[in-house]
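Counted from 1, the sequence shown has number 52 at position 52 by the numbering used here; the numbering is strictly sequential.
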Amino acid sequence: MDNNQIPAPAKSSGKTGIIVGVIVVLLIIGAGYYIFSRPNSSGQGPMIPATTTSTSTSTTTTTTSNPQNHVVSYTNNGFVPQTLTIADGDSVTWVNNSTNELWVASAPHPIHNGYDGTTLQQHCAPGYAGPTPFDECAAIAQGGSYTFTFYQVGSWGYHNHMVDSDQGTIIVTAPVSTTTVNVNVTQ
Ligand SMILES: [Cu+2]
1 MDNNQIPAPA
11 KSSGKTGIIV
21 GVIVVLLIIG
31 AGYYIFSRPN
41 SSGQGPMIPA
51 TTTSTSTSTT
61 TTTTSNPQNH
71 VVSYTNNGFV
81 PQTLTIADGD
91 SVTWVNNSTN
101 ELWVASAPHP
111 IHNGYDGTTL
121 QQHCAPGYAG
131 PTPFDECAAI
141 AQGGSYTFTF
151 YQVGSWGYHN
161 HMVDSDQGTI
171 IVTAPVSTTT
181 VNVNVTQ
């Protein structure tokens, strides 16, 4: 009876050992399958559609450098347009379409030193050798015109020295530079 009872647990533990062993082997196989199948499934990608991506980039840079000429009409009602925006290097021609005399000059009246710092007495003096002043230094009658080229970025007030209540502004901006970037992505 004792002999029968002793092997019984041994058999039982032997069976348990086999079962545990089988489970361990199955786990190892399962883990191995999982490890090896995971990269394969994503690599083969049966569930994910094949994707081809191509990217092309083109850049176009356009710099406007050709100087433009702009016209401001001086009428009996003042300057038209009163405010004008131009690019650095552009010129402006004032045409006297009024019945008054026109003497275009940098603000402020009567000093005229707003553009380059020199005064009317300095830059309108005979023999003045400095940069061309933003000052007509003379009055023109109806039909006359005056042209000045701007080389300084900024906002420049001016007036008619003969009718100093008629005022205008020239806004000089840096040359326009336009950059266009096209990115095409095909999938
Ligand atoms: Cu003035």
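Beta carbons are placed, not taken as given, at the ideal position from N, Cα and C, and that holds for glycine.
Linking H112 to D90 through their CA atoms gives a straight-line distance of about 21 Å.
Secondary structure within the segment 71-145: the alpha helix (DSSP H) runs of 4 or more consecutive residues, fully enclosed, are 120-123 (chain order).
Within the chosen limit of 6 Å, ligand 1 does not reach the beta carbon of D166 with any heavy atom. Counting along the chain, Y151 sits inside no beta strand (DSSP E), nor does DSSP assign it H or E at all. With a cut-off of 6 Å, the C-beta of H161 is classified as near ligand 1, since at least one heavy atom of the ligand falls inside that distance. Where S165 is concerned, the enclosing beta strand (DSSP E) starts and stops at 163-173.
A direct Cα-Cα distance of roughly 34 Å separates Q121 from N66. A direct Cα-Cα distance of roughly 38 Å separates N184 from I171. For N160, DSSP records a beta bridge to V104, V163. In this structure, P67 has its CB at a distance of at least 6 Å from all heavy atoms of ligand 1. DSSP lists S91 as the bridge partner or partners of N69.
Sixteen is the threshold: when 16 or more other Cβ atoms of the shown chains lie within 10 Å of the Cβ of N160, as they do, the residue is buried. When the beta-carbon positions are compared, A107 and G157 come within less than 7 Å of each other. At least 7 Å separates the beta-carbon of T83 from that of S98.
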